[in-house]
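Everything on this sheet refers to the single structure shown next.
Number of protein chains: 4
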Amino acid sequence: MTTTAPRIGAFTPGPRDSIADVTGVTVGHCTLADGPIQTGVTVVRPHAGDAFRDTVPAAAVVINGFGKSVGLMQVNELGVLETPVALTNTFAVGTVATAQIRAAIGANPEVGRTAATVNPLVCECNDGYLNDLQALAVEAAHYDAALHAAAAEFAQGAVGAGRGMSCFGVKGGIGSASRIARTGAHHWMVGALVLANFGRPAALTIAGRPLGPRLVERLAAGGTAPRDQGSIIVVLATDAPLDHRQLRRVATRAAAGIARTGSNFGHGSGDIALAFSTAQTIPRASPAAIWTLRVVDEARLDPLFDAAADATEQAILHALFAAESVAGFAGHTREALTALLPDWPELLR
Amino acid sequence: MTTTAPRIGAFTPGPRDSIADVTGVTVGHCTLADGPIQTGVTVVRPHAGDAFRDTVPAAAVVINGFGKSVGLMQVNELGVLETPVALTNTFAVGTVATAQIRAAIGANPEVGRTAATVNPLVCECNDGYLNDLQALAVEAAHYDAALHAAAAEFAQGAVGAGRGMSCFGVKGGIGSASRIARTGAHHWMVGALVLANFGRPAALTIAGRPLGPRLVERLAAGGTAPRDQGSIIVVLATDAPLDHRQLRRVATRAAAGIARTGSNFGHGSGDIALAFSTAQTIPRASPAAIWTLRVVDEARLDPLFDAAADATEQAILHALFAAESVAGFAGHTREALTALLPDWPELLR
Amino acid sequence: MTTTAPRIGAFTPGPRDSIADVTGVTVGHCTLADGPIQTGVTVVRPHAGDAFRDTVPAAAVVINGFGKSVGLMQVNELGVLETPVALTNTFAVGTVATAQIRAAIGANPEVGRTAATVNPLVCECNDGYLNDLQALAVEAAHYDAALHAAAAEFAQGAVGAGRGMSCFGVKGGIGSASRIARTGAHHWMVGALVLANFGRPAALTIAGRPLGPRLVERLAAGGTAPRDQGSIIVVLATDAPLDHRQLRRVATRAAAGIARTGSNFGHGSGDIALAFSTAQTIPRASPAAIWTLRVVDEARLDPLFDAAADATEQAILHALFAAESVAGFAGHTREALTALLPDWPELLR
Amino acid sequence: MTTTAPRIGAFTPGPRDSIADVTGVTVGHCTLADGPIQTGVTVVRPHAGDAFRDTVPAAAVVINGFGKSVGLMQVNELGVLETPVALTNTFAVGTVATAQIRAAIGANPEVGRTAATVNPLVCECNDGYLNDLQALAVEAAHYDAALHAAAAEFAQGAVGAGRGMSCFGVKGGIGSASRIARTGAHHWMVGALVLANFGRPAALTIAGRPLGPRLVERLAAGGTAPRDQGSIIVVLATDAPLDHRQLRRVATRAAAGIARTGSNFGHGSGDIALAFSTAQTIPRASPAAIWTLRVVDEARLDPLFDAAADATEQAILHALFAAESVAGFAGHTREALTALLPDWPELLR
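Protein chains in written order, with the numbering used here: chain R, 11 to 359; chain H, 11 to 359; chain B, 11 to 359; chain Y, 11 to 359.
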């Protein structure tokens, strides 16, 4: 992704500086952009295979639970993902969850019959400023389209689930980044993908510099009165071999990355972080009663924690710098950050 | 409800021995019973008003998180219910959640526009033995029908969401009970409603007596080989003034009631308890910055805990004794407990 | 242990029917019994080696958090035990924790210098009815004595930390039991040790039979007015290879065993369950950056859950049937259960 | 406290810019500074009365659980503080907890007899670089001294529990700050007190500016090789009427303040936040079965969240700028931040 966002932190990004630097992870979007309908679906696939048959270790952390995600409870009980991760708007969660069930049945006709039921996993943010939420425009086919579009190269900004999202009073949406964490002789990739829809303009902080006050001036000049609600979903992927408990610890560090952009996890914000490891899969129909799992030694986790926080912060910046201006529902518009602050390079000096 | 189930415990039930003994609480069903389709929706309304505008204090407890409920996260963050509680089958959760959103919009056109979005609350069990889960037969209209049918008098057993459920290898479903808890001069009503779909036949315990071995014999004679998966949803209501934290403590006690019927909260079981208080409502559009809440003194909670455990156990028995035999999907049948153990009164002696 | 307690459940116990059936686990007591001082310390060692250098996977579950245990937070963050498990009275927790620190320093002079600090792990119940709690009689040497006394053969009842405990209005204390869980070709041992100090007389249930009402009669005849506070600590051990998350699931099942003896987890009860696996140790000073762990396939956990619940229930019965009558502080006495209900075999028929 | 630390954030501090701006809150230290012994105890009293008889609403949040605090479990079950909050070094927790028990008994002879037992509340960080941890130098009398020294005016920096603490490779310790949060016509005070013992030098961030690289240079010039372990305890107080659940939400926001100073909550860090409200007390011996509580309307919490995050960040800066250089155990020294970076005002420009 060729955004010109400033790079934060001391870690080296992967070649794409996106979650797809974690080998096997792909991302797909379905974008709805038609007048008052500015919304969509984004899907993160943990690997190219069937996520129901070959699950991956995972954990979810609720930073602030004002949100309507589905599937987190079972992720934390069983410690695995069994579908791709779907992102969409708040009122589309039920529709997308049902689409995930249908997709799992299509690929595995035994789901809910001879096999267990499937656990849909859908996270959401509220895009109601730009998108006519009450129109319930997202349909099952949009999930399918996003799933089938999944690839290692994917767009960022005002696309997919990010189409109608707002962030710090400007246009938000999908952002992604990666960082390489070194522990001894090992190099691990940590990738983040965010659905960024949070933050008050006055609080915007980029690379530690408070750009918020300047942003507030520019927004006031434009007459916009941004609403103060929002949420952020953070999806973290790594090729380091980590178990559920360790992934829960990694996901907790997303909060640090979010905080450094200027958020205190507002009351109305559904701030959720999800982490999974691609280092090994756990087959559902296991012939063996005992598994062998590889895990990183606990005392060597810090570089992974730091990489997770930095990748999260960088992904938020990528969302802000990639998102173009969007006009939508009720005549509302969100300007691109770079349109309002074209002088950002000087402001960061 | 005129079931002949044995009464357990030392507490006195309310006049209906159902959750509707908590003043204002009503229950409605929509039952689908047509060949391979044996499923439905059950709705518990906390009061006669609008649940979005006038919320009630609530808390949810996950005993075993192998389940697909939606809405629990926000209940535990904000400490309130803002919709009726919906129960249905595992694959209908998304559809019913969307129906709840539509119903909230219908009643409150500002939802997701000038007001916050609404938090759907749907819990589920897997009725795939008797019901063709993959047919996804539940539609939004079925939620609406259950909601509109809500009344203080309601059927139990193989009705609503309970239509296709199995319990201890026999027919399960909806059961309800109530108990009066006394603390000093106060009398509080505690009601329970369960969606009972759990338990291995060998473990069935009624009023402390292990009927499981006898049940296994009778089931073997009939050639049935019951599957061993399941779940239970427990909804607890009380007119005692309790806050979120106290309701979480009350909901925890549902586990004791479940355990005494013979369950150890099996791996594949989504065992969830939800508790709410009707003692006061919290208006969404609050003119006042500070609220006054009444709460029971902490040291006086034990009778409420005991009543919650007993009402849960009793509600499970009511489900088992009320449920009629049902034949459904793939030629599967679940017999009524009383059909298999007509001699239960002697067995309990 | 030659108690004559009725055997509950369908599983087979190990040869000792105690937690020491899990190979390597040993238990030691130090008992203080001198007039108003009726208290002590009990220690469960996970293996014969150094618990700080060779940790074992572990998890803790808080059923009701009215308690003063120390060390549970770090067990759940890092997923391991790094000391033996100590049990004592409520006011001795600080003293025993300090003794654990001194013992770890003695065995590992680098603790808190070149190595990390050690996480003491001490759980407690309130023995203030029989023991003069305010005398703070437990000293560091008593922990050391219990540690050094640890053996596969150990006493139960009114010994060690159990010396002053009460249960259902009669004498409680230490109890232990084991059950063999079979999954396919594997046989796993699950052991439980309880410090039982909970329950109202009226609620006592043995093997499903409500003996409480009869017990209340006998207690009333003796003029005793039992207090209604208490707690239970459950320590579960297994040789099945389980990780932290799975051990958390196993520990959750202790609640079912407790409930079946007649408890609803009273307001004033600190009900805590702790589980650890001896299948492998995790060396603190790891030369390798990546570990290999064995874990049981998730879908095969149910026998372990059932064995944990049954071993817990059986251990409580062992405590009740092993404990002799004790007189202590302020002229208080707790009678042995078998002294008050010598006709219990008939009552259970 | 006349530190010259830069002021962060947009909120106005209270008159003292310390936790004592919350009316009734006082802080006391006992400092041990004698060669290899560089440690102590700090106590935060929620009000001038007896904390056992008149409890205050409280909640604790574990950000990273590599720590040995005692008492958090019961705070979260019952939702109240019942002792002052004590801070000390890792190996002194048991001793200080026992001192709290003795103090509670002294003030309330019925504790553990006719009244319930008391829940000690002690949090800790590891000061083993400057302090001879293994000497276990803290005694019960030091807790008593800190308690009796409690006052609205109190020292910051290398005092009390902060005496031996390190932070970002320089001298850390005790810091405090306050912020005024406005919701409508209401002004609430939010105060923070931190025991700051965390952070790698390279990550130090002050007011958004990365001073870490410069600090690393200066430390290298001095030949110091700072260890990378640590922890932070954050105590938040407010006069806003908040219940346990709301205080849990407030405490969660401490993580944002910590993150903005350059921490990702390292693996070895026990990062704990505790929040309490002084708006009303809850008497233990309640004649009334039902209480009336005042709580802030949920939708008006954001200013309190923001104030909590800012007060936490400011308190960390106060600790860093107030702490003088300290030499202690094994010839180790920690320089004051201002000694190593005397040019910090220019660096922040």
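Ideal Cβ positions, reconstructed from N, Cα and C, are used throughout, including at glycine.
Give the DSSP bridge partners of residue i, in chain order.
i, result
"residue 65(H)", "292(H)"
"residue 354(Y)", "According to DSSP, which records beta bridges pairwise, residue 354(Y) is partnered with nothing at all."
"residue 224(B)", "None, per the DSSP bridge assignment."
"residue 48(B)", "43(B)"
"residue 99(H)", "135(H)"
"residue 219(Y)", "216(Y)"
"residue 180(H)", "177(H)"
"residue 91(H)", "66(H)"
"residue 241(Y)", "207(Y), 280(Y)"
"residue 54(H)", "37(H), 95(H)"
I'd like the span of the beta strand (DSSP E) that includes residue i, first residue to last.
i, result
"residue 205(Y)", "196-207"
"residue 323(R)", "Residue 323(R) -> not in any beta strand (DSSP E); alpha helix (DSSP H) instead, spanning 312-332."
"residue 193(H)", "183-193"
"residue 107(H)", "Looking at the DSSP string, residue 107(H) is not in any beta strand (DSSP E); the run it does join, the alpha helix (DSSP H), is 103-117."
"residue 281(H)", "280-287"
"residue 304(H)", "300-306"
Going by beta carbon distance, what residues of the same chain come within less than 6 Å of residue i, once the five residues before and after it are set aside?
i, result
"residue 225(Y)", "211, 214"
"residue 263(R)", "315, 318, 319"
"residue 301(R)", "none"
"residue 101(H)", "143, 146"
"residue 26(Y)", "none"
"residue 281(Y)", "73, 74, 242, 275"
"residue 164(B)", "37"
Is it right to say residue i is buried, meaning 16 or more other beta carbons lie within 10 angstroms of its own, or is it exposed?
i, result
"residue 152(B)", "buried"
"residue 340(H)", "exposed"
"residue 288(B)", "buried"
"residue 253(B)", "buried"
"residue 12(R)", "Because residue 12(R) carries a pLDDT of 44, less than 50, the predicted location of this residue cannot be relied on, and no value is offered for it."
"residue 59(H)", "exposed"
"residue 67(Y)", "buried"
"residue 359(B)", "exposed"
"residue 343(Y)", "exposed"
How would you write the range of the alpha helix (DSSP H) that residue i sits in, first residue to last?
i, result
"residue 268(Y)", "264-269"
"residue 249(H)", "That residue, residue 249(H), is in no alpha helix (DSSP H); it is neither H nor E in DSSP."
"residue 85(Y)", "82-88"
"residue 157(H)", "150-158"
Report yes or no: is there a C-beta of chain A within less than 8 Å of the C-beta of residue i?
i, result
"residue 220(H)", "No chain A appears in this structure, whose protein chains are R, H, B and Y."
Once you ignore the five residues that flank residue i on each side, which residues in its own chain have a CB closer than 7 Å to its CB?
i, result
"residue 96(H)", "51, 53, 106, 110, 131, 132, 153"
"residue 92(H)", "61, 62, 65, 128, 129"
Below 8 Å CB to CB, which residues in the same chain sit around residue i once its five sequence neighbours on both sides are set aside?
i, result
"residue 232(Y)", "345, 350"
"residue 108(R)", "130, 150"
"residue 156(B)", "38, 39, 40, 50, 51, 52, 53, 96, 170"
"residue 15(Y)", "324, 327, 328, 330, 331, 332"
Taking a contact to mean a Cβ-Cβ separation below 8 Å, would you say residue i touches residue j in this structure?
i, j, result
"residue 184(Y)", "residue 329(Y)", "yes"
"residue 191(Y)", "residue 245(Y)", "no"
"residue 265(R)", "residue 125(Y)", "no"
"residue 189(Y)", "residue 23(Y)", "yes"
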